[in-house]
Amino acid sequence: MQQTQFWVGYLDQALIYMVFVVSLNILVGYVGIFSVGSAAFGLIGGYTFAYFTLNMGWPVIPLLMLSTLVGAVAGLVVAWPVMRLSGEYVMLLTMSLSILAVSVVAAIAALGSQQGLVGLPLPEILGKTLLKPTDFVPWLLIVTVWATLTCWRIGESPYGRMLRSIRDDETAAASLGKKTDRAKLVVFAVMCGLTALAGALLVVFNGIAAPSLFTLDQTMLIFAMVIVGGIASIPGSIVGTLLIIFVEPVLQKTLHLSPEVAALVRPIFFGLLLVVVMRFRPQGLIRERHRHVKADPVEVAKASPTPVQPPPIVGDERGDVAIEVRNLCKSFGGVKAADDLSLDIPTGKITALVGPNGAGKSSLFNLVTGAVAPDSGSVVRHGVQLVGLRPEQVVRHGIARSFQDVRVFPNLTALENVMLAGRHQAGESITALFIAPGKVRRGDREQAAAAQRWLEFVGLGAEAATLAGSLSFAQQKQVSFARALATEADVLLLDEPLSGIEGSAADEMIGLVERMRDVGRTVCIVEHSIQTISRLAEWAYFMELGRVTAQGTVTALLEDPRLVEAYFGVS
Amino acid sequence: MDLSILPQLVLNGLVMGATFAVLGIAMALILGVTGRFHFAFSLTYTLSAFIAAVSAAEWGVPVVGALVLGVLVGGLAGLLIEWLVYKPLADRSGQAALLPIFVSSLGIAIAGQNLIQLMWARDSVSVPFNLIELQQVELPMGLTLTRLEIVQTVVMIVAIVAGVLTLRYTRIGQIVRGVRGNPMMAKAVGIRPELVFIAVFFVSSAAAGLVAIFSAARLSAAPPMGQDALFTSFVVAFLAGTRSPALRVALVGLGLGVVQSVSGLWVPSNLTNLVVFGLLFAYLALRGTGALRILGVRPLGA
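Going down the list, the sequences are from chains A and B.
Using our numbering, the first residue of the first sequence is number 322, and each one after it goes up by one.
Using our numbering, the first residue of the second sequence is number 8, and each one after it goes up by one.
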């Protein structure tokens with residue numbers, strides 16, 4: 322009997338730690354936020370539970386809910402700086418939070434100082450008092466399964482797809498209209514809430530809320546479980562937790578080590594395991610694997626009877642000028658990327674930006690799309706000032722871009738890459754995932770059908786199920802074009818669409834740009850190949866040192882010996 | 008608030024700040040030159056202190072010899088970590104090496120600290136190291152320091168000056184700054200960045216080991232001692248800027264020491280070491296929320 326309680330006690334611990342681990346894995350694995358603050362949020366939940374149970378005598382279940390809520394609110398506050406910091410700063414911030422939280426709590430007399438809050442009443446749920454480890458198992462199992470399923474639902478849904486796109490390339494995700502800051506903020510808060518719940522469970526199980534339960538070492542232990550099990554793998558989190566928690570009792574029983582020595586050997590084991598895993602199996606014991614979406618042929622046919630003809634653009638009051646750029650200035654130190662730059666992008670045509678390297682062509686795309694804020698000047702679209710808007714807001718004003726270095730999401734399929742660009746996706750609301758699963762499922766099917774249609778438009782329908790990272794460079798460019806088209810933007814800024822490809826692939830790409838114009842898109846293209854520009858562009862701006870120095874048809878520009886010399890270096 | 012103790016607090020702060028300065032320069036070199044998020048800095052620090060303390064107490068090595076041995080072993084440990092662990096990961100992962108290196112570093116730190124405890128501190132919490140007697144020395148204006156603190160400060164100042172001058176005026180410093188500025192270009196002119204990385208790890212770990220040994224002489228060597236040193240070094244390096252000149256890093260370290268010591272006027276003594284973490288947290292939070300930009304403060308750091 323005593324033996325049973327011994328092992329079940331560790332099982333209880335494993336169940337509690339699983340809640341810590343799955344929620345941290347969502348942050349680290351799915352969003353790419355390297356948080357090392359699990360213990361701090363666990364402490365918030367644990368002390369909330371202990372304080373209210375001691376002073377108010379509230380029952381267990383409402384207190385667990387309160388602890389979760391308090392943790393989520395604290396997470397929301399911390400998420401604000403976290404979402405704009407790079408990886409190493411996030412680690413530092415959350416680590417210092419972990420140390421501060423423990424030290425501050427240990428210094429507050431009302432919270433029991435170093436000893437913590439002791440003398441908690443025995444937990445009682447539905448009239449049953451929990452005394453032995455076996456009494457805790459069913460309740461912990463319920464909470465852990467619920468928390469794991471919650472994380473699973475978030476991670477393996479359209480929301481999780483969006484999170485993984487943010488993890489892989491936040492700039493590219495924002496360029497598709499994704500509200501990356503909001504997504505990170507929300508998911509960080511939710512996961513901090515679950516972490517606080519785990520902290521409260523730890524306090525319930527131990528019958529005490531002490532600083533020693535929530536030290537930085539605990540955070541490291543949880544982090545190790547995530548890494549060893551597998552980043553972005555929920556089953557991996559379960560395996561990693563069980564493996565590391567059960568090392569200690571196994572050492573005690575098999576090697577007959579004292580509990581004190583076993584407690585020291587366990588961190589040595591998992592510390593070395595971390596090094597070995599990173600060196601020889603960096604993906605962890607269970608590698609990241611997700612169910613990939615496939616378009617339903619019936620839905621595709623229903624959505625588009627003529628697959629190569631995209632839908633008309635709705636709600637666009639076309640004028641002669643799609644984008645007006647006026648007096649735009651931007652300096653990087655002493656280098657002027659835009660120097661009092663003014664130009665118009667005419668609607669429904671292909672316009673080219675040409676000029677030598679360093680002329681500011683790609684910088685202009687960054688300034689127009691909100692990726693970089695100008696020092697002064699304006700970018701106006703249909704009377705709306707775009708300066709000051711973030712990239713995801715600019716997309717909603719009908720301007721999308723492709724990148725010179727493609728920037729597809731390599732771990733998503735071609736179809737999923739394009740699906741991400743769709744607007745108004747029910748699955749990208751965390752509440753809809755849980756309260757309207759049917760709507761989410763239907764919406765995702767429709768998105769898949771629309772994305773398949775765009776892939777067929779760019780000539781890549783057959784590769785819909787292929788991981789984007791496995792496609793050729795030219796095919797990745799096609800995916801990025803399909804993605805830009807799927808945003809429903811009617812102005813497409815294409816940054817060197819032919820760079821890195823040649824021969825028939827280049828010809829196909831030129832044909833594709835023409836088809837974009839033919840279906841009503843306004844295209845602005847940066848391209849070095851004069852042959853390509855001559856064939857495609859109806860109007861061109863010649864740029865030098867951040868300024869437009871000439872404009873006209875490409876043929877007319879090429880007749881100016883000064884421009885030819887500036888561009889080719891020869892007259 | 009008793010302001011009469013302010014001069015003594017400032018002096019104590021400068022003594023402490025000198026150690027912060029050495030730790031900050033060491034970490035700034037590692038972060039700025041190699042880009043490694045070296046969490047195992049805490050292990051090499053602790054290892055130096057234990058080697059010195061254990062070799063003097065159990066192996067009969069004279070204290071000065073123990074000090075040198077501790078410094079060398081700490082430096083060697085840093086070198087081996089870079090060579091055997093970080094470099095292979097960086098070669099494989101390239102730009103995405105931040106997480107693998109951090110995790111490996113974390114693993115080394117956790118395993119190492121517990122191994123040290125298992126080997127040398129299982130029965131007692133810490134191991135003392137009697138380098139110099141803790142005798143009080145009266146200074147002008149009623150100020151006092153221990154003999155150990157005076158020797159420690161002199162050694163730290165020598166280390167700081169040596170570091171600043173070497174990095175600023177010598178060929179070695181020029182090479183290190185070259186690799187820090189542009190490793191590819193440095194390679195193109197015949198410098199081998201991987202050797203510079205290894206050298207940086209050796210020197211920085213050895214310098215941190217020196218601080219650790221003096222800390223052990225003051226308070227004994229204890230397994231968790233590296234954690235505070237690690238965070239202090241991060242705070243100084245990030246606040247000063249990891250690519251900043253060593254003199255600037257040193258001044259930030261000295262300033263931080265004074266701030267922490269003087270905070271004793273308002274903050275309970277058991278919480279003064281939290282001032283460092285509080286400053287780091289506040290700085291990062293302000294940086295993340297964009298408040299630094301709004302306040303017109305130019306962000307520092309890597």
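Quick reminder that beta carbons are idealized off the backbone N, C-alpha and C, glycines included.
Quantities reported herein were computed from a predicted structural model and do not represent experimental measurements.
Give me the subset of the segment 189-219 of chain B whose CB atoms are less than 9 Å from a CB atom of chain A, sorted by chain position. Per Cβ criterion, the list is empty.
Does DSSP put K499/A in a helix, in a strand, or in coil? Of the three classes helix, strand and coil, the one that applies to K499/A here is coil, per DSSP.
Between L814/A, R600/A, A735/A, which lies nearest to A673/A when the distance is taken from Cα to Cα? Nearest of L814/A, R600/A, A735/A to A673/A, Cα basis: L814/A.
Residues near L281/B by beta carbon distance below 8 Å, same chain, minus five either side: V274.
Between the CA atoms of A805/A and G640/A - distance to the nearest angstrom: Residue confidence for G640/A is low, a pLDDT of 48 falling below 50, so the modelled location carries little weight; the figure read from the coordinates is stated next. Each residue's Cα considered, the two are about 21 Å apart.
I'd like to know whether the C-beta atoms of F535/A and A803/A end up nearer to each other than 7 Å. No, these two residues do not count as a Cβ contact at 7 Å.
Taking all protein chains shown into account, do 16 or more other C-beta atoms lie within 10 angstroms of the C-beta of T51/B, making it buried, or fewer, making it exposed? Answer is buried; the Cβ neighbour count reaches 16.
If distances are taken between C-alpha atoms only, which option among A757/A, I671/A, G481/A, V840/A comes closest to S855/A? When each option's Cα is compared against that of S855/A, the closest is I671/A.
Should V571/A and R587/A be called a contact, given that it needs their Cβ atoms to be closer than 7 Å? Going by C-beta atoms, V571/A is not nearer than 7 Å to R587/A.
Below 8 Å between beta carbons is the criterion; list the residues of the segment 143-165 of chain B that meet it against any residue of chain A, in chain order. Only those residues of the segment 143-165 of chain B whose C-beta falls short of 8 Å from the nearest C-beta of chain A would be listed, and there are none.
Kindly list, in the order they appear in chain B, the residues whose Cβ is closer than 9 Å to that of R405/A. Within chain B, the residues whose beta carbon sits less than 9 Å from that of R405/A are R294, G295, T296, G297, listed in sequence order.
Pairwise C-alpha distance: V411/A and V403/A: When only Cα atoms are considered, V403/A and V411/A end up about 6 Å apart.
For L853/A and I831/A, which I take to be in contact (beta-carbon distance under 8 Å), what is that distance rounded to the nearest angstrom? Residue identity differs from the one stated: residue 853/A is Thr in this sequence, not Leu. Rounded, the Cβ-Cβ distance is 6 Å, consistent with contact.
Can you list, in chain order, the stretches of the beta strand (DSSP E) that have 3 or more residues and sit fully within the segment 798-852 of chain A? As summarised for the segment 798-852 of chain A, the continuous beta strand (DSSP E) elements at least 3 residues long and confined to that stretch are 812-816, 843-847, given in chain order.
Under 7 Å Cβ to Cβ from V598/A, same chain only, skipping five residues before and after it: list those, please. Sequence-distant partners of V598/A (beyond 5 residues in either direction) whose C-beta falls short of 7 Å from its own C-beta, in its chain, are I548, V549, G605.
Would you mind giving the Cβ-Cβ distance between G185/B and I198/B, rounded to the nearest angstrom? I have them listed as a contact below 8 Å. Between I198/B and G185/B the Cβ distance is about 6 Å, and since that is below 8 Å, they are a contact.
Shortest alpha-carbon distance to F362/A belongs to which of L332/A, V426/A, I382/A, G378/A? Closest by alpha carbon: V426/A.
Considering only C-alpha positions, which residue in the set L30/B, F46/B, V61/B is nearest to V134/B? Closest option to V134/B, Cα to Cα, is V61/B.
For my contact list, V349/A and I555/A are in at a C-beta cut-off of 8 Å; report their separation, rounded to the angstrom. That belief does not hold up - the Cβ atoms of V349/A and I555/A are roughly 12 Å apart, past 8 Å.
Contacts of V596/A in chain B (Cβ-Cβ under 8 Å): What V596/A touches in chain B, judged by beta-carbon distance under 8 Å, is V92, S111, G114, I115, A118, going in chain order.
Given 8 Å, three or more beta-carbon pairs between the segment 436-443 of chain A and the segment 283-294 of chain B: With the cut-off at 8 Å, the segment 436-443 of chain A and the segment 283-294 of chain B do not touch.
Which residues, in chain order, does the segment 402-433 of chain A contribute to contact with chain B at a C-beta distance below 8 Å? Taking a C-beta cut-off of 8 Å against chain B, the contacting residues of the segment 402-433 of chain A are P402, V403, M404, R405, L406, G408, E409, Y410, M412, L413, L414, M416, S417, L418, I420, L421, S424, V425, A428, listed in chain order.
What distance in whole Å lies between the Cβ atoms of M339/A and T465/A, which are believed to be in contact at a cut-off of 8 Å? Contact between T465/A and M339/A holds: their C-beta atoms lie close to 5 Å from each other, under 8 Å.
Would M512/A count as contacting chain B if we go by Cβ distances under 7 Å? Chain B contact via Cβ: absent.
Starting from the Cα of Q797/A, find the closest Cα among Q725/A, P603/A, V840/A, T374/A and give me that residue. Looking from the CA of Q797/A, the closest CA among Q725/A, P603/A, V840/A, T374/A belongs to Q725/A.
Would a check of beta-carbon distances place G592/A closer than 7 Å to chain B? With a threshold of 7 Å between beta carbons, G592/A makes contact with chain B.
Using a Cβ-Cβ cut-off of 6 Å (strictly less than) and excluding sequence neighbours within five positions of P731/A, which residues of its own chain qualify? Sequence-distant Cβ neighbours of P731/A in its own chain, meaning closer than 6 Å and more than five residues away, are A789, G790.
By Cβ distance, which residues of its chain are closer than 6 Å to D637/A, with the 5 residues on each side in sequence left out? In this prediction, D637/A has a pLDDT of 46, which is less than 50 and means its spatial position is unreliable; nothing more can be read from the coordinates.
Establish whether the CB of F284/B and some CB of chain A are separated by less than 7 Å. Closer than 7 Å to the CB of F284/B there is at least one CB belonging to chain A.
Inter-residue Cα distance where the pair is I487/A and G669/A: Using only the alpha carbons, I get a separation of about 32 Å.
Here's the rule I'm using: 16 or more other beta-carbon atoms within 10 Å means buried, otherwise exposed. How should I123/B be labelled? So I123/B ends up on the buried side.
Proximity winner among V243/B, G260/B, F208/B, G67/B, relative to Y93/B (alpha-carbon distances): The shortest Cα separation from Y93/B among V243/B, G260/B, F208/B, G67/B belongs to F208/B.
Evaluate the contact criterion for the segment 166-178 of chain B versus the segment 27-39 of chain B: three or more CB pairs, one atom per stretch, below 8 Å. Counting Cβ pairs under 8 Å, three or more are found: they touch.
Identify the contact partners of F544/A in chain B, using a Cβ-Cβ distance below 8 Å as the criterion. When 8 Å is used as the limit between beta carbons, F544/A is near these residues of chain B: V110, L113, in chain order.
Let me know the secondary structure DSSP gives A440/A once reduced to three states. The sequence shown places Gly at residue 440/A, not Ala. In this structure, G440/A counts as coil in the three-state DSSP scheme.
Which residues in the same chain as A296/A place their Cβ atom closer than 6 Å to its Cβ, once the five residues preceding and following it in sequence are excluded? Nothing in the structure corresponds to residue 296/A, since chain A is present only between 322 and 892.
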